[in-house]
Each structure stands twice: as C-alpha cells, then as structure tokens.
Amino acid sequence: MESLRDKYEVVIGLEVHAQLKTKSKIFAPDSTEFGSEQNTHISAITLGMPGVLPVLNKEVVNMGILTGLALNCTIPPRCKFDRKQYFYPDLPKGYQISQYDEPICVNGYLEIKGKKIGITRAHLEEDAGKLVHAGAAGLAGSSYSLVDLNRAGTPLLEIVSEPDMRSSEEARMYMEELRNIVRYIGVCDGNLEEGSMRCDANISIMPKGSKEFGTRAEIKNVNSFSALQRAIEYEIDRQIEIVEEGGKVVQETRLWDDNARETRSMRGKEDAHDYRYFPEPDLMPLEISREWVENIRKTMPELPSQKRARYMGLGLSEYDASVIVEQMPLAIFFDKVLELGATPKIAVNFIMGEIAAYLKEEKLEITDTKLSPENLAELIQLIEKAVISNNIGKQIIIDMMKDGEKASTIVEKKGLSQITDESAIKEIVKKVVEANAQQVEAYKNGKTQLFGFFVGQVMKETKGRANPQTVNALLKEILG
Amino acid sequence: MEELLRKSAKEQSEAVRNKEVSAIELTKASLDRIKSIDDKLGAFNSLTEEIALNTAKKVDEKLAKGEELPLLAGVPLALKDNMNLIGSKTTASSKILENFVSPYNATVTEKLLTNLVPIVGKANLDEFAMGSSNENSAFKKVHNPWNLNKVPGGSSGGSAAAVASCESALALGSDTGGSIRLPASFCGIVGMKPTYGIVSRYGLIAFASSLDQIGPFARTVEDAAMLLEVIAGYDKHDSTSLNRPVENYTAHLNNDIKGKKVGVIKELMGEGLSDDVRKAIENAIETYKSLGAEIVEISLPNIKYSIGIYYILATAECSSNLARFDGVKYGHRTENAQNLLEMYCKTRAEGFGDEVKRRIMLGTYALSSGYYDAYYKKAQQMRRLVTEDFVKAFKQADILVSATCPNTAFDLGSKANDPLAMYLTDIATISANLAGIPGMSVPAGFDKDGMPIGLQILAPQLGEAALFNFGYKFEQEHDYYKKQPKI
Amino acid sequence: MITIKDVEHVAKLARLELTEEEKEKFTGQLGAVLEYVNQMNEVDTSNVEPMAHAIDFSNVMREDEVYYEQTKEELMANAPYEENGFFRVPKIN
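As given, the protein sequences belong to chains A, B and C, one line each in that order. At position 470 of the first sequence (counting the first as 1) the number is 469 in numbering that gives the first Met the number 0, and the numbers step up by one without a gap. At position 284 of the second sequence (counting the first as 1) the number is 283 in numbering that gives the first Met the number 0, and the numbers step up by one without a gap. At position 77 of the third sequence (counting the first as 1) the number is 76 in numbering that gives the first Met the number 0, and the numbers step up by one without a gap.
Written out as structure tokens, the structure reads:
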C-alpha cells in the first residue's frame with residue numbers, strides 16, 4: 000500500500016457538531032445538563048407536544064457569533080431557521096429545526112502549522128435525543144429501543160470545513176485546534192468521547208496532480224482523535240484498492256467500527272433522505288447588526304494561537320507552548336502563575352517537568368491537585384531569591400500538589416532553606432573528600448565524571464540544601 | 000334560566016356582577032342545556048364540568064368578598080377541541096389523539112382561566128381543523144342549529160353551533176382559511192379572525208403555522224370584541240406573537256362612519272352568489288351608504304390564485320406539523336407493528352382520517368425533492384402579490400366587504416355540489432389568512448328557507464378597531480342578531 | 000404525470016400506510032396540485048420576495064434561563080409505552 004499511496008492524493012473535509020454550553024436548550028427552557036436520569040430534563044416543547052412552539056435562546060446566538068469570529072468567519076446581516084424533516088424516535092417533532100440556506104456564519108478558516116483550512120459555514124440547530132437499544136450490543140439485532148429525550152433540543156453549532164485537508168494528520172490537527180478554540184472561548188467542552196463534540200469525515204481520493212476530486216464517502220461514528228486518524232487511513236486504503244481494481248467509489252455513508260478497525264456501508268439501512276427543507280414558520284429571522292457582532296468580538300478571550308505566540312514570546316519553545324495550550328486547565332493555571340510575576344522559564348520547567356510527570360502518573364488534571372497558582376508562584380519566588388535551591392523546589396512540589404501547603408511553610412517546617420554560608424559548605428566538602436579517598440584518587444587520575452559523585456555526596460549530607468553553585472566552586476577548589 | 004342563556008355575554012356578565020344570578024347557577028344552566036340538546040347538535044366532544052364549576056365558584060367567592068370581577072367573568076364558553084386545557088382531553092377530533100389529556104394550558108386558556116371565564120366543554124371540529132363543514136370529525140358530525148339536516152360550516156362547527164344554539168354565550172375557534180368566519184356565517188352569529196400575531200398560538204394544535212389564528216365567536220359584535228380583549232396580547236411562548244399592548248376593542252364600536260370608504264370586492268360579487276345572498280349583501284352595502292359611508296369598487300386581481308397558494312402552503316405546513324404524531328411520545332399507537340417502520344405507518348394510517356391523509360400527502364409532495372422552488376417558493380411569492388393587492392386596496396377604502404360565503408348552509412352529506420360556489424367561498428376567506436389581515440362575519444339576513452347569511456368585513460393588518468366599528472354599526476341597523484334558532 | 004410509484008414514494012416519506020384504493024385516489028389528487036401550480040405560473044414572480052411570515056419583524060429571543068413548567072410525570076402521562084422512564088419503541092430494523 001505504501002507505494003500505491005504515492006499515486007494518490009486524499010481530500011478530506013470535516014463536519015463537526017459542537018454542543019454549545021448554554022444553561023437551557025436552544026428552543027426550550029429545560030436544562031442542557033448532561034448525565035441525568037432519563038427524561039428528567041424535558042418540557043412540553045422538547046417533547047413536541049401538540050400546540051407547542053419554539054423560542055430562541057439568545058445565548059445560543061451569541062455563542063454562534065463568537066465561534067464564527069474565532070474562526071475568522073463572516074457573520075451575514077441576516078440568517079433564519081428551517082425545518083429538516085425525517086422520522087426517527089429520537090426526533091420528537093418529526094423535524095429538526097436547523098439552518099439550511101442562510102446560516103449564521105460563512106467563509107472562515109483556521110490555521111494548522113501555517114496552513115489555512117477553510118471553513119465553509121457554521122450553522123445553529125437542535126440536537127436529537129438518545130436511543131438505548133435493548134437485547135443486543137447495538138442497533139443491529141436489538142429487539143426494541145428506549146428513547147431518552149434529555150438531550151433533545153440541546154443547541155448545536157455545525158461547523159463544515161472546506162475539503163482542504165490532505166492527510167489524516169492534517170485532519171487530526173484541524174480537530175485538535177478546533178477543539179482548543181471552542182474550549183478557550185468557552186462555548187463547548189470539546190469532548191469527543193462524551194459527545195459534546197462530534198465529527199464526521201468526508202473522504203475521497205484522486206490521482207496525484209489531478210484537479211478533479213473523486214467521489215467521496217462520509218464516515219460517521221468517530222469517537223476520538225486517534226479513531227479519526229485510523230478511520231481516515233483505513234478509508235484511504237479501501238478507496239485506493241477499489242480504484243486500483245478498476246471499480247468506482249460509491250457516494251455513501253459508512254460507519255467506523257473502532258473495534259473491528261474498519262468502515263462499513265450504511266446503504267440499504269436508510270434510504271437517501273429527502274429532508275424537504277422549508278423556512279421555519281414558527282420562528283422569526285435574525286437581523287445581526289454590525290454593532291452586535293462588534294460587542295461580541297470585544298468579549299473574545301485569548302485564542303489558542305495567540306496564547307502559543309505569547310508563550311513563545313516569553314521564551315518557551317514551540318513544543319512547550321503547544322503542550323501547555325493543548326491542556327486548557329494547565330494553560331489557565333500557567334497564566335495565573337505568570338500574572339503573579341513568576342519567571343516564565345522556571346514556571347515552565349516545573350510545569351513540564353515534575354508537575355507533568357505527577358499528573359500523568361496519577362492520571363489527574365492540575366485542577367484535581369491541591370497546588371494553587373499562588374503557591375507555585377511563591378515557590379518560584381523562593382528559588383529566584385535563592386532562599387531555596389531548585390533541587391529543593393523539585394523535592395517539595397509533590398507535597399505541595401498533595402497537601403496544598405505553601406512552599407514557605409514546608410521550607411520552614413522541614414528546615415529546607417538553602418545553605419549559602421561558604422564556610423559551612425567548605426566543612427562539608429572537606430568531610431566528603433576525606434571520606435572518599437579512593438574516589439578522589441580516581442578523579443585525580445582522570446575519571447572526571449566522578450565530580451558528579453562528589454556533588455551528590457555533598458548534597459546528601461546537606462539534604463539537598465547546599466547552594467549548588469557554591470558546592471561546585473568549592474569542590475573544584477578543593478579537588479583541584 | 001334559559002332566557003338568560005339566550006342573552007348576550009355582556010348581559011350575562013352583568014347579571015352575574017349584579018348578583019341577579021350566581022355564576023354557579025349560570026354555568027350549571029349552560030351545562031344542563033348542553034346535556035339536553037347536544038345529542039341533536041354534536042357540538043361538544045367533551046364537557047369540562049368540574050373545571051367550569053370551579054371557575055364559577057371562584058367568581059361567586061370574589062363577588063362575596065366585594066372584589067372587582069375581570070372582564071366576562073362567569074360567562075360560559077366553549078373551547079374548540081384543538082386548544083389545550085389541563086384536565087381535559089384535547090383530541091383535535093382525531094382518533095390519533097382520542098385519549099390525549101392536556102399536560103399544559105394554551106395561553107388563551109390561561110387568559111380565560113385568569114379572567115374566570117368558565118370553560119364548559121371542548122367543541123367539536125373538523126379533524127385537525129381541516130374542512131369547511133365539520134363533517135370530517137372522527138367522532139361525530141355537527142348539525143346546524145337552524146336546520147339539523149344542514150352543516151354548521153367548519154372547521155369550527157362545534158364552536159359556532161354551541162353559540163348559535165345558546166349552549167354557551169361564547170366560544171373560541173381557530174381560522175386558517177376561513178374556519179371561524181364560515182361557520183359564523185352558516186350559523187348566523189359573529190365570528191372573527193384577528194390580525195396574525197394578535198392572539199398567541201401557543202397551545203393551539205398547529206395546522207398551518209403561518210396562517211392559523213384563534214378568534215372569538217359570539218352572538219353580538221360587542222361580545223366578540225370583549226372576548227378578543229380577553230385572549231389577545233403578547234406571549235413570550237409564541238415567537239410570532241406581536242409585542243404591543245392589548246387595545247380596548249370595545250371603545251370605538253359606535254364611532255360615526257360618515258365619510259368613511261367601504262370597498263366592495265369586485266371579484267367576489269360575480270357569478271356563483273345565490274340570489275338571496277346577493278340581495279343580502281347589496282342591502283348591506285345600502286346600509287353602509289345610509290350611514291354616510293362612501294362605496295367604492297375594489298379589485299383584487301390576484302385573489303383567484305388564493306386557492307392554489309393555500310393548497311400548497313397550508314398542506315406543506317400541515318404535513319410538517321403533523322409529523323409529530325408518530326405513536327412514540329403520546330397519542331394512539333398501533334397494536335399491529337413488528338418494527339418501527341410499521342409502527343409509524345400503521346399508527347398514522349389508523350389514527351388519521353381521509354381528509355387529513357389527503358392534505359399530508361399533498362403537502363409532503365409539494366415539499367419533496369426538486370419541487371421546493373416550483374411549488375412552495377412560488378406559492379410564497381404569489382402570497383406576497385395577494386397581500387400587496389390588499390395593501391393597495393386599503394389605500395382606497397377603510398374596510399372591504401363581501402359575502403362570507405356565496406351560499407347558505409348546505410345539507411349534510413351533500414358536499415356542496417356547486418364547485419363554483421365552493422371556489423368563491425374559498426377565495427373569499429383564504430385570502431385574508433394569506434395576507435394576515437383581520438376579518439369578521441356578521442349576520443346579514445336569511446335566505447328563503449330561513450338559513451343565515453353572513454357579511455364578511457375585512458380590515459388592514461391591526462385594523463381590528465375599524466372591523467368592530469363597521470361590524471357594530473351594521474349590526475345595530477338590523478335585528479338579524481336578535482333572531483335565534485328554535486332549539 | 001403522477002404515477003402510483005410517485006404516490007408510494009410520498010406515502011413512505013409521510014410514513015402513511017395506504018390501501019391500494021387510496022393509492023389510486025391519491026394519484027389523481029396529487030395531479031390536481033399540478034393544475035394549481037400551472038395556473039400560478041401564469042404570473043411572473045421573478046422579482047417578488049417570498050412571503051414566509053404574515054408580519055415582518057425579527058430578533059425574537061429569550062434569556063438563557065432554566066425553568067420547568069411541567070413535571071416529568073405530567074409529560075410522560077400520555078406515553079403509549081413507557082419503560083423505566085424511557086419511551087419504548089419497537090425494533091428499528
């Protein structure tokens with residue numbers, strides 16, 4: 000397959016549904032809260048009872064505009080809602096209120112590693128409920144289904160990209176950056192596993208150098224970033240094989256099965272939908288003034304790309320900046336620490352070093368630990384003022400995460416302040432040298448790497464408190 | 000007590016206020032009358048005795064405390080059975096909702112309850128408000144109180160029959176293409192459809208969302224104006240509701256109409272009008288002349304397209320609005336389904352009557368792939384032309400008049416054999432819904448068989464004041480409104 | 000010309016099971032729509048704005064507040080088939 004891959008280019012477009020984090024639903028006042036007992040967050044409106052009518056949630060519109068701006072979209076002066084009609088048990092009214100030909104956002108882009116990926120449009124719509132299938136693992140073979148309408152009516156923003164991605168890697172980067180953006184601007188949790196963000200991929204292949212796109216297949220049921228990559232890779236190979244054997248790729252919807260690691264056709268399971276769109280008569284159109292847009296623009300938080308640039312401006316490497324931005328709780332924490340005046344370089348070292356390791360091992364977010372930004376800032380200050388050494392800092396940070404104590408408190412309690420008194424250190428250095436005559440001999444005979452051993456012994460004697468620079472200088476002096 | 004039931008709503012409310020009769024007595028009398036004559040009429044799908052008596056009790060309690068009564072407190076009213084009332088079945092006269100009990104109140108219902116208007120029962124209608132003779136109810140037909148062999152008109156036939164027969168003084172109906180005005184005309188009472196957006200649609204089972212409006216039935220224009228005041232007003236539950244204060248609709252009933260212009264719609268005065276109806280309308284025009292109004296001839300050149308437009312828009316919207324009746328959350332569910340698809344198809348086939356199925360099929364077809372531009376969008380464009388005709392017309396006249404229907408009530412089962420007459424009926428009333436303008440039918444005489452004739456008055460959007468004014472002035476010049484069927 | 004196949008397709012879209020009689024009947028009736036459309040096509044509407052609403056206004060919205068006007072029990076009371084607080088439906092094929 001590797002050499003075959005070189006003959007073809009892959010064209011990928013992504014459709015992402017982001018659940019917007021409003022308190023109430025888009026057209027009904029029941030809560031959007033996730034994970035509650037079935038059918039406890041419902042209303043007559045959500046159930047599509049005879050005679051009910053939708054009323055638009057203002058905050059949904061504001062979030063739609065904010066997201067559009069973050070994605071460099073144009074917000075047209077007018078948009079409206081339409082009915083998209085089909086029958087399914089999780090769709091109470093027998094139609095979904097969506098936006099068909101006049102969406103809230105058009106013509107945007109986001110950047111991944113310097114490449115612009117176009118965004119065709121973003122539109123508002125309501126989510127459907129959930130189905131639980133009984134009597135089998137999934138839909139196929141189940142003997143009946145149970146409908147929970149808690150989720151029905153949750154606001155969604157559907158973001159459609161241009162088919163600008165050319166590899167599964169680009170697709171993944173697009174998704175990750177989109178996820179970062181919606182999280183940072185506070186409109187969506189961006190959690191693929193939980194379903195607050197969902198992704199469908201449109202994939203086609205064409206001979207390299209061709210200007211005409213091939214027929215595309217739509218892949219659904221991708222529930223993680225790595226699954227997205229796997230699904231795309233599988234699909235590329237599948238389509239290449241078809242074309243190589245002289246066949247034609249069929250335009251269809253396919254389901255990704257992450258266990259079997261394959262996509263399967265949904266053809267025959269559902270007829271081509273005729274959605275019979277027409278303008279929603281129960282809702283009035285939206286006229287979005289430029290003033291409204293600008294007022295929203297003023298509230299725009301720092302975007303991930305801006306944050307990364309700022310961090311790099313402070314001296315962080317691109318890698319460190321990206322890693323921190325990728326984990327929003329960490330970036331929020333880091334920003335607070337910086338605000339409190341800590342030296343960026345030292346802060347980054349702790350965050351990317353001991354803290355990251357601890358979080359990874361304990362499988363925690365930084366907000367799950369008891370470490371506060373104030374306490375980390377204080378710790379850094381103690382190091383900057385040479386009250387303690389960096390090594391001591393590394394020692395106590397774990398306790399700080401576990402117990403939430405201030406660094407200064409721990410230092411005082413355990414007597415960890417830095418020993419800077421030259422004569423005191425000299426005493427200890429002498430003591431170590433005397434106690435390790437063999438190593439001294441070896442060192443003098445050329446085993447210079449033993450210098451570290453002596454440093455280590457001094458540190459052991461001083462319980463890490465000796466000022467490293469002084470130790471180094473004195474050792475050099477005494478060892479010669 | 001029957002005498003009081005035959006009086007106007009205004010008189011009944013005064014009798015209660017003056018303690019000539021208790022609200023309980025009056026409501027009981029209304030319920031008794033219904034129980035005694037309704038098997039002849041079929042006007043009610045169900046009675047809501049407990050709710051009505053509870054309301055009446057509250058009225059009497061308030062009176063006992065010397066408190067002020069709200070407008071129309073204590074006056075019995077019939078609610079068309081496509082409007083939700085907690086504690087009642089709301090069936091839309093359909094098998095698919097035969098046992099549906101309202102879990103919430105329509106906004107108009109809330110307003111009636113707040114105004115302490117006793118709702119005595121749910122009035123019969125054509126299934127899902129689709130029809131013009133009330134022969135399409137899944138439960139029973141409604142009979143015209145003036146002649147039990149004739150139709151009352153539809154779709155609000157039950158509401159009209161209830162008021163005409165004095166079962167209740169008032170009723171609410173809904174009007175999508177004439178469903179209040181036509182039965183008012185056939186039953187010799189006042190029925191009016193307000194400007195679109197004046198009365199909240201929240202809780203009204205939707206037929207065609209952009210055309211539906213709730214409106215009052217009464218035996219006098221003044222009563223209708225009072226009832227509109229009770230039910231009108233901005234509703235945050237209805238995004239198409241107009242955000243403006245409720246007018247005092249009874250304030251200008253008796254204004255002088257001297258020098259005002261009454262427009263006669265040319266296209267509705269031609270072939271197809273029965274002789275009696277034509278005469279009645281001509282007399283009506285004379286009446287306005289005698290009151291000092293100037294008569295002008297008005298042409299609405301696009302009015303003939305009203306039917307085609309309505310055919311497409313109303314059926315398209317209703318096919319969508321009725322998709323929710325799928326047997327999943329409420330309503331009838333078939334017992335014969337092996338899988339979901341069968342459940343949908345059989346539930347809906349079993350639950351819907353023929354006329355409803357027909358309109359769902361037409362509407363689904365009109366919206367189906369490839370036809371949107373040619374059918375639905377075209378119809379919306381034509382709708383604007385019809386509306387613009389009215390806008391132009393109202394620059395030349397203050398109100399427009401026509402016959403509400405070119406005929407009087409026809410026999411049950413006869414399906415009005417005159418297609419031209421059916422056509423004229425349709426375009427007279429439908430066009431007002433397309434343009435969103437208010438319209439009213441007032442009693443304008445009787446044919447040689449003693450069947451009522453209705454005069455339709457149309458006003459520009461938000462022109463309810465003019466509508467009531469011209470309606471009242473005409474009404475007071477004649478005794479038509481004082482006549483009642485012998486039942 | 001509308002055919003029986005067209006009628007069957009529309010019936011499927013509308014989730015209506017029709018008898019053979021009904022299919023025949025509707026074949027004629029759907030055709031009637033075409034007549035009205037032809038009539039409307041007499042008029043040139045190329046510069047006419049479609050009229051989606053009877054009255055023109057925009058921006059009808061509500062605050063993002065959570066409240067409940069009905070209880071779960073009230074809302075589930077009309078359920079044709081309830082199981083454990085869910086709506087139960089037959090197998091989806």
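Glycine included, each C-beta is placed from N, C-alpha and C at the ideal position.
Own chain partners of residue i with C-beta closer than 8 Å, once the 5 adjacent residues on each side are dropped
{"i": "B:I302", "result": "I264, E266, L267, V385, D388, I426 and S430"}
{"i": "A:L90", "result": "A127, G128 and A151"}
{"i": "A:T262", "result": "A216, I218, A230, Y233, E234, R237, R253, L254, W255 and D256"}
{"i": "B:H251", "result": "A464, F467 and N468"}
Contacts that residue i makes with chain A (C-beta to C-beta distance below 7 Å)
{"i": "B:H331", "result": "Chain A residues near B:H331: none, gap ~13 Å exceeds 7 Å."}
{"i": "B:G214", "result": "Chain A residues near B:G214: none, gap ~16 Å exceeds 7 Å."}
{"i": "B:K110", "result": "Within 7 Å Cβ-Cβ: nothing; B:K110 doesn't reach chain A, min ~15 Å."}
Minimum C-alpha distance to residue i - residue among the options
{"i": "B:M360", "options": "C:L12, C:T2, C:L33 and C:E20", "result": "C:L12"}
{"i": "C:R14", "options": "B:R32, B:L340 and B:E221", "result": "B:L340"}
{"i": "A:E383", "options": "A:L358, A:E360, A:S416 and A:A356", "result": "A:S416"}
{"i": "A:L156", "options": "A:Y108, A:S97, A:G213 and A:I204", "result": "A:S97"}
{"i": "B:T495", "options": "B:L84, B:L227, B:L312 and B:I33", "result": "A question about residue 495 of chain B goes unanswered here, because the residues of chain B that appear run from 0 up to 486."}
{"i": "A:N61", "options": "A:K446, A:K297 and A:Q448", "result": "A:K297"}
{"i": "B:F216", "options": "B:A159, B:L181, B:Q380 and B:F351", "result": "B:A159"}
{"i": "B:N53", "options": "B:A22, B:F43 and B:I213", "result": "B:A22"}
{"i": "A:I180", "options": "A:L313, A:A226, A:M327 and A:H40", "result": "A:M327"}
{"i": "C:N83", "options": "A:K92, A:P372, A:N38 and A:K413", "result": "A:N38"}
{"i": "A:S166", "options": "A:N374, A:E364, A:L13 and A:V454", "result": "A:L13"}
Proximal residues to residue i (C-beta, below 7 Å), its chain only, five neighbours per side dropped
{"i": "A:E377", "result": "K405, A406 and S407"}
{"i": "B:K447", "result": "D275"}
{"i": "A:K268", "result": "Note that A:K268 scores a pLDDT of 46, beneath 50, so its modelled location is shaky and nothing firm can be said."}
{"i": "B:H236", "result": "T106, S199 and Y201"}
{"i": "B:K140", "result": "G41, N133, E134 and L411"}
{"i": "B:A504", "result": "Lying outside 0 to 486, the shown extent of chain B, residue 504 of chain B is not represented and no answer is given."}
Amino acids of chain A, ordered along the chain, whose beta-carbon sits closer than 8 Å to that of residue i
{"i": "B:S368", "result": "D273 and R275"}
Buried/exposed call for residue i, threshold 16 Cβ in 10 Å
{"i": "C:D43", "result": "exposed"}
{"i": "A:K443", "result": "exposed"}
{"i": "B:P193", "result": "buried"}
{"i": "C:H52", "result": "buried"}
{"i": "A:S388", "result": "buried"}
{"i": "C:Y66", "result": "exposed"}
{"i": "B:L203", "result": "buried"}
{"i": "B:S164", "result": "buried"}
{"i": "A:D100", "result": "exposed"}
Contact list for residue i against chain B, beta-carbon separation under 7 Å
{"i": "C:M50", "result": "Q379, R382, R383 and T386"}
{"i": "C:V9", "result": "M360, T363, Y364 and S367"}
{"i": "C:F25", "result": "M360"}
{"i": "A:R82", "result": "S319"}
Strand pairing of residue i, partner residues [DSSP]
{"i": "A:T482", "result": "Residue 482 of chain A is absent from the structure shown; chain A starts at 0 and stops at 479."}
{"i": "A:S97", "result": "A:D81"}
{"i": "B:Q212", "result": "B:D174"}
{"i": "B:L399", "result": "B:G262 and B:L457"}
{"i": "B:G438", "result": "B:K192 and B:L457"}
Contact test: residue i Cβ vs the ligand PLP heavy atom, cutoff 7 Å
{"i": "B:G172", "result": "As far as ligands go, the structure on display features none, and thus does not contain the ligand PLP."}
Under 8 Å from the C-beta of residue i: neighbouring residues of chain C
{"i": "B:I306", "result": "Y35"}
{"i": "A:Q37", "result": "N83, G84 and F85"}
Cutoff 8 Å: residue i Cβ touching any chain D Cβ
{"i": "C:E82", "result": "The question asks about chain D, but that chain is absent: this structure's protein chains are A, B and C."}
Contact set between residue i and chain B, taken where Cβ atoms lie within less than 9 Å
{"i": "C:E73", "result": "I85, P102 and Y103"}
Contacts around residue i, its chain only, beta-carbon distance under 6 Å, and the 5 residues preceding and following it disregarded
{"i": "B:G470", "result": "V220, M439, V441 and I456"}
{"i": "B:S401", "result": "I264, L267, A427 and Q455"}
{"i": "A:V131", "result": "L145"}
Under 9 Å from the C-beta of residue i: neighbouring residues of chain A
{"i": "C:E62", "result": "S23, N56, K57 and E58"}
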